[in-house]
Each structure stands twice: as structure tokens, then as C-alpha cells.
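Here my numbering is used: the first residue of the sequence shown is 210, the next is one more, and so on. Even glycine gets a Cβ: it sits at the ideal position worked out from N, Cα and C.
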Amino acid sequence: MLQAIAGKEFLQMARDGRFRVVTLLMLALLLLSLFAGARHHRSLRTERERAAQVQRDQWLTQGEKGPHAAAHFGVYAFKPSGSLALVDRGVNAYAGSMIWLEPHKQNSFRDAPAQDSTSLLRFGELTTAFVLQTALPLLIITLTFGAFAGERERGTLRLAAAQGVRMETLALGKALGIAGALGLLLVPAAICGAATLVLGGAVTRGSGSDLVPRTLLLALSYLLYFGITLFLSLAVSAWARTARLALLFLLGGWVAATLIAPRLVADAAKRLYPTPSSVAFAEKVKFELAGAGDAHNESDQRMERLKQETLKQYGVQDLKDLPVAFEGISLQAGEDWGYPVFDRNYNALDAQFSRQEAVCETAGYVLPFLSIRSLSAGLSGTDRRAHEHFARATEVYRRTLIRIINDDVKYHAKTGDTGYTNGRALYEKVPVFAYKPLTVSDLRDSFRMPLLALAAGFFTTAAVAVFSARKQRILP
Numbered sequence: 210m211l212q213a214i215a216g217k218e219f220l221q222m223a224r225d226g227r228f229r230v231v232t233l234l235m236l237a238l239l240l241l242s243l244f245a246g247a248r249h250h251r252s253l254r255t256e257r258e259r260a261a262q263v264q265r266d267q268w269l270t271q272g273e274k275g276p277h278a279a280a281h282f283g284v285y286a287f288k289p290s291g292s293l294a295l296v297d298r299g300v301n302a303y304a305g306s307m308i309w310l311e312p313h314k315q316n317s318f319r320d321a322p323a324q325d326s327t328s329l330l331r332f333g334e335l336t337t338a339f340v341l342q343t344a345l346p347l348l349i350i351t352l353t354f355g356a357f358a359g360e361r362e363r364g365t366l367r368l369a370a371a372q373g374v375r376m377e378t379l380a381l382g383k384a385l386g387i388a389g390a391l392g393l394l395l396v397p398a399a400i401c402g403a404a405t406l407v408l409g410g411a412v413t414r415g416s417g418s419d420l421v422p423r424t425l426l427l428a429l430s431y432l433l434y435f436g437i438t439l440f441l442s443l444a445v446s447a448w449a450r451t452a453r454l455a456l457l458f459l460l461g462g463w464v465a466a467t468l469i470a471p472r473l474v475a476d477a478a479k480r481l482y483p484t485p486s487s488v489a490f491a492e493k494v495k496f497e498l499a500g501a502g503d504a505h506n507e508s509d510q511r512m513e514r515l516k517q518e519t520l521k522q523y524g525v526q527d528l529k530d531l532p533v534a535f536e537g538i539s540l541q542a543g544e545d546w547g548y549p550v551f552d553r554n555y556n557a558l559d560a561q562f563s564r565q566e567a568v569c570e571t572a573g574y575v576l577p578f579l580s581i582r583s584l585s586a587g588l589s590g591t592d593r594r595a596h597e598h599f600a601r602a603t604e605v606y607r608r609t610l611i612r613i614i615n616d617d618v619k620y621h622a623k624t625g626d627t628g629y630t631n632g633r634a635l636y637e638k639v640p641v642f643a644y645k646p647l648t649v650s651d652l653r654d655s656f657r658m659p660l661l662a663l664a665a666g667f668f669t670t671a672a673v674a675v676f677s678a679r680k681q682r683i684l685p
């Protein structure tokens, strides 16, 4: 019986000319967003690879100069774009993709707003993720709003009940039939998406081992999300007196659940765990750095203590008698004094963003849109966590670069010798910046809550749909 109901529902939809037109339009929109995403991804990757090579060449050919001056010449670090970024750009459009690395400063990303808000306070662009998260649920609503209410109005629901069809079986059969009809859209889109990843150059050497589990988890997440929408729509259709009333209620729910409520939740999270503006944050860091010690200020108390400690360490009475250059020691000490300031402030900021996201992820048990948005960006490697991980990697690289430069001054210059210079031989000691993104296993804990929320929502709404079908009115 279940198979017969599902087959009838599937054939009825597949033969409906309106369904075919809407499905083709949705498929065209999905393919357009996929191809546009692939083109954007390929263009960005090419530009960043070229820029990174130009930057490296400029670093190596900057000419002979004082090592500290060379360090101030600085380098750019460019954030790579993951393979699935063509599906969901996440915060990439807002957070920036390059950062300037130089002594004494932990800079913010260029061409991006400061971290005043998380990705949860942004609404998506017209990407594949945006289509899947917002437009496709509308298609599901149009397919299901009349599933029970429409048949009740036509009298066919009473006929089915008279023939001994259980309403629970009818609900599950309709769900399977509608899911099969959606497969006519999703399967070709998935095949084209996979082909776009491979042929479009999004899959790079070494990305495959992590790309497969990411893609499978992403597909599972979206299927759970679509299932929630499907079962909720069936439940509403079972309770509504008329198909028109069911459609109005579902459309209102779609607007509230995807456009209004997520924004309200995110704003509430920001009020609960506020973050400073970019200007206030920069001023706070600057103020604390001023009190941490200045390696360029001979009268600074920490500098005086450093001199005495260095003299004692090497067993000499005068800095000129040191076997190393005190300038290199003091420059590195100045960096070391500033690191706790940067770490303390950036860690505190990151903790606030994490608390904001925890609020939104908890709300995902009621608003599946929040859960799928978090999972989609996270699995695509474009969420705030991925951005923060890259920022931390660049800071580690910056500190390594500065230490190499300062060690060269320490071991090759002489105290008081302001004319010491070095060139390409020193610059080549600085390694090329190589970033290793987070893997799925690294992100297991951060994905657990939104994935559980979607799974819980799927089974809960399935139970609600079956219960609603059993308790519905058979007569108009």
C-alpha cells in the first residue's frame, strides 16, 4: 500500500506540467549559481596564487638593507579558497582574504569590515547555498500545501479513508512520492555539482581525502533540512481547513523562519555577548601595547631590565662587549612583550563570537535554517571558524618571520652597528607561507550541535506529520 501511494503521488507530480516548469526553472537557477560559483572560485584562486607569487618575488628582490627595515617591508598572506566555497561563500565576501604581516602589529584583514559581527548576522548572497536554503523550501511548500487539504476539498480523502487506507500510511506515502519528485531536481543538480567541482578546477591535489566526507555530510545536512520542510508542510496541510489557508500559513512560516527569526536571534545573541567596534578594539590593543614595553625607547623600564639581564647572562660589563648584537635581542623582546596583549584581546574577541554562535546554534533546534546555514558554511570551509583558523596561522607565520629577522641581527650584527645590512640570503630563510586548513575531524565538535538539531528536527517533524494525518478532519 505504501509503495502504491508513493508511486501514485510521484507520477501525479511528474505528469503535472506546472511541476515540470517550476522544476526546470529551479534546476536552471541551481545550475546557474553553481557555474557562477565555480567561475568566481577559479578566478579568485588564480588571482591569489598569482598575487602570492608576485609577493614572494618582491620579498626576495627587495634589495640589501637593514634586516629590521626588510621586516617592515612586510609580506601579504592570502587566504586560499576551499573546493566547496563555490557552493557556499560564507563569510568570505565580508571577512577579507589577505592580511599584511609586519613587525609590532597584528593587523586586521584588508578590504573587509572589522570583526564587529559574525557571519550569523549576515544574510547570504545568490549562491547555491542561498538557493538551497531559501528557494528550494518554497518549491517544497508549493508541492505539499494541498497534499491533504486539497484532497479533503475534492472529496478524495474521504474516498481513500472509505477504502481502508490508514492516514499514517497515506502521509508516509505522500512524503516518499514528493521526495521522489524532488529527486528529479536534486539528482541532476548533484551530478552537475560534482562535475563542476572536478571539471571546474575546484578539486585540487590533496583536497580529495577531506572533500569526500565534507560533501557527503553537506548532502546529508541538506536532505535533513528538506525533510523537515516536507514533513512540516504535510502537517500543516493536514490541519488546515483549506488548501489556501495551508499555503498562506506555510508562506508566512517560511518568511518568519528564514528572513525574520534568524535575524532576531542573531541580534539577541549580540546583545547577550556584545563585541567592541573595530575602532574601540584597535584603541584598546594600542593602549595595552603602550604599557607592555617599547623596545625602541631606551628609557623604558623594561628595556633597562633587559639590558641588565643580558649583561648578566653573558657575563660582561658593557653592551659593546657582548658576543651578540643587543639590538637583535631588544627587537625580539619588544615583539615578545606584545604577544600576550594580542593573544589576550583576540582570544577574548573570538570567545565572544563563539558564544554568539552557540546561542544561534541552540536556537537551531527550533529554527532549522540556522542549523543548515551553520553546517553549510562550516563544511564548505567558509565560516567564521575557518577564517579565525587562517588568521591564527598567519600570526604564527608572522612571528616566525620576525624571529628569523631578529636572530639575524642578533648573531651577525654588532651592538651599536647601525650600518649592518643583509640581502637575499636572509630573505630566503623565511619560508613560503603554507596554510593547512581544518579537516572534518578537526571540526567534529563544532558540527555536532547543528547536525543533531537537524536530525532531531527531521524525526520530530516526521512524527508530527504522521500524528497530524491521523487526527485530521476527513470531511471539509
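Quick check on residue i: buried or exposed, where buried means 16 or more other Cβ atoms within 10 Å of its Cβ?
i: H250; result: buried
i: V568; result: buried
i: A213; result: exposed
i: Y636; result: buried
i: G392; result: exposed
i: T353; result: buried
i: L329; result: For L329, the predicted structure reports a pLDDT of 43, less than 50, and the residue's modelled location is therefore unreliable. The matter cannot be settled from this model.
i: Y644; result: exposed
i: I349; result: buried
i: N556; result: exposed
i: F282; result: exposed
i: D592; result: buried
By DSSP, does residue i sit in helix, in strand, or in coil?
i: S585; result: helix
i: S306; result: coil
i: E507; result: coil
i: F318; result: strand
i: A311; result: For clarity, residue 311 is Glu in the given sequence; the question names Ala instead. The answer is strand: DSSP assigns E311 an E or B state.
i: L699; result: Any question about residue 699 goes unanswered here, given that the chain covers just 210 to 685.
i: K217; result: helix
i: T351; result: helix
i: T467; result: helix
i: P422; result: helix
i: S446; result: helix
i: F458; result: helix
i: P346; result: helix
i: T438; result: helix
i: Y431; result: helix
i: G625; result: coil
i: Y636; result: helix
Would you mind reading off the limits of the alpha helix (DSSP H) that contains residue i?
i: M658; result: 653-680
i: K383; result: 376-408
i: T365; result: 365-371
i: V296; result: V296 -> no alpha helix (DSSP H), and no H or E assigned at all.
i: F562; result: 535-572
i: M235; result: 226-269
i: V340; result: No alpha helix (DSSP H) holds V340; DSSP gives it neither H nor E.
i: Y620; result: 593-621
i: G524; result: It is not in any alpha helix (DSSP H) - G524 carries neither H nor E in the DSSP assignment.
i: K493; result: 487-501
Looking at the unbroken beta strand (DSSP E) that takes in residue i, where does it start and where does it end?
i: F287; result: 284-287
My assumption, with CB atoms under 8 Å, is that residue i sits in contact with residue j. Please give the rounded CB distance.
i: E570; j: M512; result: That pair is no contact at about 47 Å.
i: I581; j: L663; result: 7 Å
i: S589; j: G291; result: 6 Å
i: E311; j: A344; result: About 44 Å; that fails the 8 Å criterion.
i: L531; j: T624; result: 5 Å
i: I437; j: P289; result: Not really, about 33 Å apart at Cβ, beyond 8 Å.
i: L584; j: F656; result: 6 Å
i: V639; j: I613; result: 6 Å
So who's on the other strand from residue i, going by DSSP bridges?
i: N301; result: Bridge partners of N301: none, in fact.
i: K274; result: N631
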